[in-house]
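Residue numbers (the working numbering): 12 to 392.
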């Protein structure tokens, strides 16, 4: 199968690349080391039609394909790695699940601000006792008249300190069949966003405390039986995760290549040492293989979801490649790569986190193995 980009896709990539260079290149280093969600960058991306790329035009999106979104996130990341996070938030993850299953009334209330870059949505899924084993979540939703009462705790929610809307996984009763999700707005009575804590990457997350939080019934996104729909949509989020990991690996590769072409040691350029040449050859092998696996996962008909198998392979390979290549690029650049004067060390820290977030490498390998053996393996006791 040919995964070469079409002329239209190449033209789109060129347009996004030029926009990124003209708008985001200046300040990319400072942006990466600045905490919080960059709403200024989000508005600029929205103005250029780069939020909601795959969403229907009637919803305020661009009506593009998943491959278009992958192209956009990779081109932006090549210029400003942190701005790729904005593209992720505006095209993948909870916003994608929201658009897929929200009612017209819910869309009319929330979607315009999300797609304009004014607000960001966060996902409340992981709990202190339910990470990879998400079906063990305890957050509950109890119907009380025209309202639902929500109780629980969530951790590791991306953009939680800055979000105005939270898509919260919860259970409406016992068993897998009663897991669904609700929408909780910041400031809702009984809903508290805790003090921010920092990741190794410099990102921040806040614990979400939900105590007798009352929400109107129209804030239910997916009721009982919604879990499988939510998880199937999660495959799209994994494509976005893989895209960023690979793009940051390529960013670091390019920075190290430029460095090797000008840095001299022992009277010659370091690119002339065979040890350095082999490092770059190994990096290219990983980058090119990951690119093809990513394209395979993203190359679906418009409106279709990528398969769990393809996304598991793509995310696992791109995650490992992004980290390995960034780490090797840092080694090539020595002290300069380790310094915060370049973005290579940032790429190392960011790609390391994606090997955990959105489905750990180990969980992805479990999913791949199930396809290999054509059976499910229960990881529980």
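Just so it is clear, CB atoms sit at the ideal spot from N, CA and C, and this is done for glycine as well.
Cα-Cα separation, residue i to residue j
i	j	result
residue 169	residue 277	46 Å
residue 128	residue 57	6 Å
residue 345	residue 40	18 Å
residue 227	residue 349	50 Å
residue 291	residue 361	21 Å
residue 132	residue 215	15 Å
residue 31	residue 352	20 Å
residue 284	residue 269	15 Å
residue 316	residue 76	11 Å
residue 199	residue 174	13 Å
residue 74	residue 68	5 Å
residue 97	residue 48	8 Å
residue 379	residue 149	28 Å
residue 155	residue 262	52 Å
residue 130	residue 314	25 Å
residue 55	residue 281	39 Å
residue 14	residue 311	11 Å
residue 340	residue 391	39 Å
residue 165	residue 274	48 Å
residue 239	residue 187	9 Å
residue 95	residue 65	16 Å
residue 387	residue 229	36 Å
residue 20	residue 26	10 Å
residue 237	residue 271	52 Å
residue 381	residue 347	43 Å
Host beta strand (DSSP E) of residue i (start-end)
i	result
residue 218	215-227
residue 202	202-209
residue 164	158-165
residue 179	176-182
residue 135	132-135
residue 195	190-196
residue 272	Segment: none, residue 272 is in no beta strand (DSSP E) and carries neither H nor E.
residue 153	151-155
residue 359	Counting along the chain, residue 359 falls outside any beta strand (DSSP E), though it belongs to the alpha helix (DSSP H) covering 355-365.
residue 232	231-233
Minimum C-alpha distance to residue i - residue among the options
i	options	result
residue 189	156, 233 and 293	233
residue 193	252, 117, 138 and 217	117
residue 151	342, 221, 174 and 120	221
residue 324	15, 375, 29 and 140	375
residue 298	201, 235 and 265	265
residue 307	320, 197 and 141	320
residue 153	370, 231 and 301	231
residue 28	84, 72 and 50	84
residue 34	18, 52, 20 and 48	52
residue 79	97, 43 and 17	17
residue 235	386, 140 and 191	191
residue 257	305, 15, 237 and 342	305
residue 44	22, 70, 93 and 25	93
residue 120	166, 140 and 70	70
residue 22	82, 165 and 66	82
residue 309	289, 377, 253 and 273	253
residue 342	239, 287, 388 and 326	287
residue 176	122, 388, 244 and 302	122
residue 338	184, 259, 113 and 237	259
residue 301	113, 255 and 279	255
residue 373	384, 115, 326 and 140	326
residue 370	185, 322, 184 and 303	322
residue 140	197, 167 and 201	167
Nearest-angstrom Cβ-Cβ length linking residue i and residue j, presumed shorter than 8 Å
i	j	result
residue 242	residue 224	The Cβ separation is near 24 Å, so there is no contact.
residue 219	residue 135	5 Å
residue 267	residue 355	7 Å
residue 359	residue 294	Going by Cβ atoms, the distance from residue 359 to residue 294 rounds to 13 Å, so no, they are not a contact pair.
residue 125	residue 72	Rounded, the Cβ-Cβ distance is 11 Å, inconsistent with contact.
residue 217	residue 171	4 Å
Endpoints, alpha helix (DSSP H) assigned at residue i
i	result
residue 143	Element bounds for residue 143: n/a, residue is neither H nor E.
residue 348	346-349
residue 301	285-309
residue 129	Careful: residue 129 lies outside any alpha helix (DSSP H) and carries neither H nor E.
residue 27	18-34
residue 90	That residue, residue 90, is in no alpha helix (DSSP H); it is neither H nor E in DSSP.
residue 62	Per DSSP, residue 62 belongs to no alpha helix (DSSP H) and is neither H nor E.
residue 15	It is not in any alpha helix (DSSP H) - residue 15 carries neither H nor E in the DSSP assignment.
residue 318	Per DSSP, residue 318 belongs to no alpha helix (DSSP H) and is neither H nor E.
residue 48	Unbroken run through residue 48: none, as it is neither H nor E.
residue 312	Residue 312 -> no alpha helix (DSSP H), and no H or E assigned at all.
residue 371	That residue, residue 371, is in no alpha helix (DSSP H); it is neither H nor E in DSSP.
residue 185	Careful: residue 185 lies outside any alpha helix (DSSP H) and carries neither H nor E.
residue 109	105-112
residue 386	Taken as a continuous stretch (DSSP letters only), residue 386 belongs to no alpha helix (DSSP H), as it is neither H nor E.
- Task: Say whether the region 245-260 touches the region 102-119, bearing in mind that this needs 3 or more beta-carbon pairs closer than 8 Å, one atom from each stretch.
- Result: The region 245-260, when compared against the region 102-119, does touch it at the 8 Å Cβ threshold.
- Query: Any contact of the region 179-189 with the region 144-155, i.e. 3+ C-beta pairs under 8 Å?
  - Reply: Touching, yes.
- Would you check if there are 3 or more beta carbon pairs closer than 8 Å linking the region 151-160 to the region 87-103? no
- Pair every Cβ in the region 91-102 with every Cβ in the region 57-70, then say whether three or more of these pairs are closer than 8 Å. yes
- Query: On the three-pair Cβ rule with 8 Å, is the region 321-332 touching the region 363-372?
  - Reply: yes
- Any chance the region 24-40 sits against the region 207-214, with 3 or more Cβ pairs inside 8 Å? no
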